[in-house]
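Quick notes on the structure that follows.
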Amino acid sequence: MAKAAKVKFALCKKEIQLYKEQDIEVLDDPQLWDELRREIEGLKSDLRDSYLACGDESDDLYQSFIGLKDMAIDILAKNRRLMAKAQESRESVKTEDSSKWYFWIK
Numbered sequence: 001m002a003k004a005a006k007v008k009f010a011l012c013k014k015e016i017q018l019y020k021e022q023d024i025e026v027l028d029d030p031q032l033w034d035e036l037r038r039e040i041e042g043l044k045s046d047l048r049d050s051y052l053a054c055g056d057e058s059d060d061l062y063q064s065f066i067g068l069k070d071m072a073i074d075i076l077a078k079n080r081r082l083m084a085k086a087q088e089s090r091e092s093v094k095t096e097d098s099s100k101w102y103f104w105i106k
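The opening position of the sequence shown corresponds to residue 1 in the UniProt record's numbering, with each subsequent residue numbered one higher.
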């Protein structure tokens, strides 16, 4: 079981690092951001579960676990900021559009 857990831990590590390297700002669809959030939260959970199942109490593995967990949290925080920024932008466009119609009708 410990060997399988270490393999799963290594896989989660690679996936989190790949997400960290990607430029998620290019995602322009809120559904994609939501999907990314769910994926990262799942990886974070899998990372924790596989770390605990490893049964390895070495300091190196623990430091790797903490670093990866922090990396996943950073990705989620960036995702949240981008979602909020996109929401503000959509609301701004709606306000501008309604203002144009108001002055056109008047």
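Glycine is no exception: its CB is placed at the ideal position from the N, C-alpha and C atoms. Here the structure is a predicted model, which is why all the values come from computation and not from measurement.
Just the Cα atoms here: how many angstroms apart are Asp29 and Arg37? Cα-Cα distance, rounded: 13 angstroms.
When the Cα of Val7 is compared with those of Ala86, Glu39, Ala53, which residue comes out closest? If we check each option's Cα against that of Val7, Ala53 comes out closest.
Candidates Gly67, Asp60, Gln87, of which the one nearest Lys20 by Cα: Considering only alpha carbons, the answer is Gly67.
How about Leu43 and Ala72: do their beta carbons lie closer than 8 angstroms? Contact: yes.
Alpha-carbon spacing of Leu32 relative to Ser92, whole angstroms: Those two C-alpha atoms are separated by around 21 angstroms.
Which of the three DSSP states, helix, strand or coil, is assigned to Gly55? Note: Gly55 maps to coil in three-state DSSP.
Tell me which residues share the same chain as Lys69 and place their Cβ nearer than 8 angstroms to its Cβ, disregarding the 5 neighbours each side in the sequence. Hits under 8 angstroms: Lys44, Leu47, Arg48.
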